[in-house]
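Note that the protein sequences, when read in sequence, are chains A and B.
Quick note on the working numbering: the first sequence kicks off at 1 and runs consecutively.
Quick note on the working numbering: the second sequence kicks off at 1001 and runs consecutively.
All C-beta atoms in this analysis are idealised placements derived from N, C-alpha and C, irrespective of residue type, glycine included.
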Amino acid sequence: MGQRRGPDIVHRWEGNPVLSPEDVPFRLADICNAGVAKVNNEYVLLVTIQGLKGYYWIYAARSRDGYHFEIEETPLMGPSGEWPDPTVDEEGVMDARVTPFGDSYYVVYNAVGRNGYRLALAQTSDFRSLQRLGAISEPDTKGGALFPEKINGKFVRLERPWEGGSIWLSYSEDLVYWGESVFVMGPRGGYWDGNRVGAATPPMKIAQGWLFLYYGIKETSAGPLFRLGAAILDPEQPWKVAGRTNVPVLSPRTLLERLGDVPNLVFSCGALIEPNNEVKLYYGAANSCICLGVTSVDDIVQTCSESRKEF
Amino acid sequence: MVRLKSGRDLFHRWEGNPVLALEDMPFRCNTVFNGTPVKIGNEYLLLLRVEGQQGYSFFALARSRDGYHFEVHPEPVMLPAHDRPWNDYECAGIEDPRATCIDGTYYVLYTAVSGRGYRIALAQTADFLAFERLGYISEPGNKDGVLFPERVNGLYVRLDRPFGRGIGSIWISYSKDRIHWGNSRVLLAPRPGYWDEFRVGASAPPIRTDAGWLEIYHGTKMTSSGPIYRTGAALLDLEDPARVLARCDVPLLSPRTDYERIGDVGNVVFACGAVVEPDTSVKLYYGAADTSVCVATARLQDIVDCTLNGSKPG
Chain A
1 MGQRRGPDIV
11 HRWEGNPVLS
21 PEDVPFRLAD
31 ICNAGVAKVN
41 NEYVLLVTIQ
51 GLKGYYWIYA
61 ARSRDGYHFE
71 IEETPLMGPS
81 GEWPDPTVDE
91 EGVMDARVTP
101 FGDSYYVVYN
111 AVGRNGYRLA
121 LAQTSDFRSL
131 QRLGAISEPD
141 TKGGALFPEK
151 INGKFVRLER
161 PWEGGSIWLS
171 YSEDLVYWGE
181 SVFVMGPRGG
191 YWDGNRVGAA
201 TPPMKIAQGW
211 LFLYYGIKET
221 SAGPLFRLGA
231 AILDPEQPWK
241 VAGRTNVPVL
251 SPRTLLERLG
261 DVPNLVFSCG
271 ALIEPNNEVK
281 LYYGAANSCI
291 CLGVTSVDDI
301 VQTCSESRKE
311 F
Chain B
1001 MVRLKSGRDL
1011 FHRWEGNPVL
1021 ALEDMPFRCN
1031 TVFNGTPVKI
1041 GNEYLLLLRV
1051 EGQQGYSFFA
1061 LARSRDGYHF
1071 EVHPEPVMLP
1081 AHDRPWNDYE
1091 CAGIEDPRAT
1101 CIDGTYYVLY
1111 TAVSGRGYRI
1121 ALAQTADFLA
1131 FERLGYISEP
1141 GNKDGVLFPE
1151 RVNGLYVRLD
1161 RPFGRGIGSI
1171 WISYSKDRIH
1181 WGNSRVLLAP
1191 RPGYWDEFRV
1201 GASAPPIRTD
1211 AGWLEIYHGT
1221 KMTSSGPIYR
1231 TGAALLDLED
1241 PARVLARCDV
1251 PLLSPRTDYE
1261 RIGDVGNVVF
1271 ACGAVVEPDT
1281 SVKLYYGAAD
1291 TSVCVATARL
1301 QDIVDCTLNG
1311 SKPG
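#1: Distance check for alanine 34 (chain A) and tyrosine 105 (chain A), CA to CA, integer angstroms please.
#2: Quick one: using the 10 Å Cβ neighbour count with 16 as the cut-off for buried, is glutamate 1071 (chain B) buried or exposed?
#3: Leucine 1129 (chain B): buried (16+ other C-beta within 10 angstroms of its C-beta) or exposed?
#4: Determine, using beta carbons only, whether serine 80 (chain A) comes closer than 9 Å to chain B.
#5: Give the straight-line distance between the Cα atoms of alanine 1081 (chain B) and asparagine 1142 (chain B), rounded to the nearest whole angstrom.
#6: Considering only the alpha carbon of each residue, which of B:Leu1147, B:His1012, B:His1180 and B:Met1222 lies closest to isoleucine 1102 (chain B)?
#7: Indicate whether glutamate 1150 (chain B) and arginine 1243 (chain B) have their beta-carbon atoms separated by less than 9 Å.
#8: Can you give me the C-alpha to C-alpha distance between valine 297 (chain A) and glycine 270 (chain A), rounded to a whole angstrom?
#9: Spell out the partners DSSP gives asparagine 110 (chain A) in its beta bridges.
#10: From which residue to which residue does the beta strand (DSSP E) around glutamine 1124 (chain B) run?
#11: Along the stretch 1176-1187 of chain B, where does the CB come closer than 8 Å to a CB of chain A? Name the residues.
#12: Starting from glycine 1135 (chain B), find everything on chain A with Cβ-Cβ shorter than 8 Å and list it in chain order.
#13: Could you list which residues in chain A have their beta carbon closer than 7 Å to that of phenylalanine 1148 (chain B), in chain order?
#14: Return helix, strand or coil for lysine 1312 (chain B), following the three-state DSSP convention.
#15: Expressed to the nearest angstrom, what Euclidean distance is found between the alpha-carbon atoms of glycine 194 (chain A) and valine 10 (chain A)?
#16: Can you tell me which of A:His68, A:Phe147 and A:Asp140 puts its alpha carbon nearest to the alpha carbon of arginine 160 (chain A)?
#17: Quick one, which of B:Glu1197, B:Leu1252 and B:Asp1290 has its alpha-carbon nearest arginine 1013 (chain B)'s?
#18: What does asparagine 1142 (chain B) touch in chain A if you count any residue whose Cβ is under 7 Å from its own?
#19: So if I threshold CB-CB distances at 9 Å, which residues from the stretch 190-223 of chain A count as touching chain B?
#20: Quick check on leucine 46 (chain A): buried or exposed, where buried means 16 or more other Cβ atoms within 10 Å of its Cβ?
#21: So, is glycine 1117 (chain B) buried or exposed, given that buried needs 16 or more other C-beta atoms within 10 angstroms?
#22: Can you tell me whether DSSP reads proline 86 (chain A) as helix, strand or coil?
#23: Give the straight-line distance between the Cα atoms of arginine 97 (chain A) and glycine 113 (chain A), rounded to the nearest whole angstrom.
#24: Quick check on the burial criterion: 16 or more other C-beta atoms within 10 angstroms. Buried or exposed for serine 1184 (chain B)?
#25: Show which residues of chain A have a CB atom less than 7 Å away from the CB atom of glycine 1164 (chain B).
#26: So the candidates are A:Ile167, A:Thr124 and A:Ser125; which of them puts its Cα closest to the Cα of lysine 142 (chain A)?
#27: Return the CA-CA distance between isoleucine 49 (chain A) and isoleucine 1137 (chain B), expressed in angstroms with no decimal places.
#28: How many angstroms separate the CA atom of glycine 164 (chain A) from the CA atom of glycine 260 (chain A)?
#29: Straight-line CA distance for methionine 185 (chain A) to glycine 198 (chain A)?
Okay, structure coming up:
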């Protein structure tokens, strides 16, 4: 008799959700997702919260163990009203993806305004204050994440331009001017990721290259199904896909994931690789709470290379 | 009492229009339309978008001594790339070239078409017969790129037309090296109820005038039988071109003649460039109904005046 494997290679923490509206000391519309960083021995989530008015804000939540979080009462970021153009983030900021880089952290997030979604960049060393560095993409580009180091002397980012619903990659020498945009991977007709894909977590360095989780969408008659898969990119030529899961690593199955403002959705903006190669994946469930799933680098890598055998 | 006739549009059509049509082409093709002009010495060159019989577009070259009578080079001058990585992004054609001369070098921005979306590409040329591709300079889902003819505050500047929240506006971006671009922001958006209420996009590369950068752009209004493409103008601050100084309320050229109304895409006038003559008259070259190339003229000062006072005609 075979060993039971559970429904997904990402195993849900039995204490889920990590953060729900009940844990937040103010009224809100919903909790969408979170990016994550480990700062010294503290876990920090950058949580996207939709306020009652409908605008988006980013709050920091902190934990000593990665499971039990306290969220701050005041937002870390919201509409700035400043910039060269205050319309850029007039409706809020969302989907923070954190990349440790040298001694500090870069946060790529979406600024929302009347003219579209833009990727924007901020820098921080302690997640108590952030320095905004400006909008860095064309409009309606989402799903942005910075690589944790330069490749061939240049900063590199993943992104999801609206056109084509695919993951692309761009380069920059200064984090302000971006170019050399190149297609990385797109939706696969008929698959669980057959309609749109986008980066979920930022790329993380592993022996085989750059590992990241991505979200894939399949449209159904009742709306989209958001699932998570994984891919590995070539270390030197990151637009080359070295491995990609044929099957999802996490699918909406529990009530937390099936019931909420956007049902049938698991959506991540961040994961951590622990020293023992355990992967802690923080994911938004049904746009209504934050959950934790655990797996290992080895399991993901194996699924990237061997999932062709799955059915 | 004699009343001065103003004509239908501020731009006056050449009575010999179209400048180029299918019967003028030295090879068989579907249509010849959007062309971008440059004047080198006393010779006019027109880099033309040709739609081939297969359905994808490429570029041909026409030459003229007077700006009206053109001869087309016997072979296409630029075809969609066949080599990787270029063919990934233009396997379905190259469209709508816009030529700009900066510091003596000719650059052509064009739209590269593939299954991955429209995107803007940059090429360089000395003679408009051979082109060196420098790179794709936009994300996918972007077209109508034009370069300013000089650097502003040390930076290259371009206009383009991405969608943001489904709205087709003209955006402005900057670059230090022509390859990496940033600081993008909205410049001109569609105006509800106007002739340009549906979408706007850059047409001619900006022209320096004393009143600011003159951008001749296209605007569309949607009707139940499709869009109407017209030509308008705006003036941008010379030092800070993200600042719009004035925008003409009315179109300067609208499809009215048979050659503008009848064709593969009817009711289209679509300019890709203009030549300013020494006497400050402007020759605007435009595609008509996606089926022929035409020219219309106006005085530069009249275009500027109309842009500054555009609301008067009502």
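Looking at the atomic coordinates:
#1: Translated into positions along the first sequence, residue 105 (chain A) becomes position 105. Translated into positions along the first sequence, residue 34 (chain A) becomes position 34. Spanning the two alpha carbons is a distance of roughly 15 Å.
#2: Within the second sequence, the letter at position 71 stands for residue 1071 (chain B). By the 16-neighbour rule on beta-carbons within 10 angstroms, glutamate 1071 (chain B) is exposed.
#3: As a working note, residue 1129 (chain B) is residue 129 in the second sequence. The residue in question, leucine 1129 (chain B), is exposed, as its Cβ has fewer than 16 Cβ neighbours within 10 Å.
#4: As a working note, residue 80 (chain A) is residue 80 in the first sequence. Answer no: the Cβ-Cβ gap between serine 80 (chain A) and chain B never drops below 9 Å.
#5: The sequence position of residue 1081 (chain B) within the second sequence is 81, counting from 1. The sequence position of residue 1142 (chain B) within the second sequence is 142, counting from 1. Alanine 1081 (chain B) and asparagine 1142 (chain B): Cα-Cα distance of roughly 19 Å.
#6: As a working note, residue 1102 (chain B) is residue 102 in the second sequence. Nearest neighbour of isoleucine 1102 (chain B) by Cα position, chosen from B:Leu1147, B:His1012, B:His1180 and B:Met1222, turns out to be B:Leu1147.
#7: Along the second sequence, one-based indexing puts residue 1150 (chain B) at 150. Along the second sequence, one-based indexing puts residue 1243 (chain B) at 243. Between glutamate 1150 (chain B) and arginine 1243 (chain B), the gap from beta carbon to beta carbon reaches 9 Å or more.
#8: Taking the first residue of the first sequence as position 1, residue 297 (chain A) is located at position 297. Taking the first residue of the first sequence as position 1, residue 270 (chain A) is located at position 270. Computed Cα separation, rounded: 14 Å.
#9: Here residue 110 (chain A) refers to the residue found at position 110 when the first sequence is read from its first residue. Beta-bridge pairing by DSSP links asparagine 110 (chain A) to A:Met94 and A:Leu119.
#10: Counting from 1 along the second sequence, the entry for residue 1124 (chain B) is found at position 124. First-last of the beta strand (DSSP E) with glutamine 1124 (chain B): 1117-1125.
#11: Here the close residues are Lys1176, Asp1177, Ile1179, His1180, Trp1181, Gly1182, Asn1183, Ser1184, Arg1185 and Val1186.
#12: Here residue 1135 (chain B) refers to the residue found at position 135 when the second sequence is read from its first residue. The contacting residues are Gly179 and Glu180.
#13: As a first step, residue 1148 (chain B) is located in the second sequence; it is residue number 148 there, counting from the start. Neighbours of phenylalanine 1148 (chain B) in chain A, taken as residues whose beta carbon is under 7 Å from its own, are absent, since the nearest beta carbon is some 16 Å off.
#14: To locate residue 1312 (chain B), count along the second sequence from 1; it is residue 312. Unreliable placement is indicated for lysine 1312 (chain B), whose pLDDT of 47 sits below 50; the coordinate value is still reported in the next sentence. Three-state result, lysine 1312 (chain B): coil.
#15: Locating residue 194 (chain A) in the first sequence gives position 194, counting from the first residue. Locating residue 10 (chain A) in the first sequence gives position 10, counting from the first residue. Roughly 21 Å between the two C-alpha positions.
#16: Position 160 of the first sequence, counting from 1, holds the residue named residue 160 (chain A). That would be A:Asp140, whose Cα lies nearest to the Cα of arginine 160 (chain A).
#17: Position 13 of the second sequence holds residue 1013 (chain B). With distances taken between Cα atoms, arginine 1013 (chain B) lies closest to B:Leu1252.
#18: In the second sequence, counting from the first residue as 1, residue 1142 (chain B) sits at position 142. Going along chain A in sequence order, the residues near asparagine 1142 (chain B) (Cβ under 7 Å) are Glu138.
#19: So the list is empty, because no residue satisfies the distance condition.
#20: Locating residue 46 (chain A) in the first sequence gives position 46, where the first residue counts as 1. The residue is buried, with at least 16 neighbouring Cβ atoms inside 10 Å.
#21: Walking along the second sequence from the start, residue 1117 (chain B) turns up at place 117. Per the 10 Å Cβ criterion, buried.
#22: Mapped onto the first sequence, residue 86 (chain A) falls at position 86. Here DSSP, grouped into helix, strand and coil, assigns proline 86 (chain A) to coil.
#23: As a first step, residue 97 (chain A) must be located in the first sequence, where it is residue number 97. As a first step, residue 113 (chain A) must be located in the first sequence, where it is residue number 113. The straight-line gap from Cα to Cα measures roughly 19 Å.
#24: Taking the second sequence and counting its residues from 1, one reaches residue 1184 (chain B) at position 184. Buried, since its Cβ has 16 or more Cβ neighbours within 10 Å.
#25: Taking the second sequence and counting its residues from 1, the one referred to as residue 1164 (chain B) is at position 164. For the C-beta of glycine 1164 (chain B), the chain A residues within less than 7 Å are, from N- to C-terminus, Asn115, Gly116, Pro139 and Asp140.
#26: Start at 1 with the first residue of the first sequence, and residue 142 (chain A) comes out as number 142. Per the Cα distances, A:Ile167.
#27: Residue 49 (chain A) sits at position 49 when you count from the first residue of the first sequence. Residue 1137 (chain B) sits at position 137 when you count from the first residue of the second sequence. In a straight line, the C-alpha of isoleucine 49 (chain A) is about 34 Å away from that of isoleucine 1137 (chain B).
#28: As a working note, residue 164 (chain A) is residue 164 in the first sequence. As a working note, residue 260 (chain A) is residue 260 in the first sequence. So the two alpha carbons sit approximately 28 Å from each other.
#29: For the purposes of this step, residue 185 (chain A) is taken as the residue at position 185 of the first sequence. For the purposes of this step, residue 198 (chain A) is taken as the residue at position 198 of the first sequence. Cα to Cα, the separation comes out at about 9 Å.
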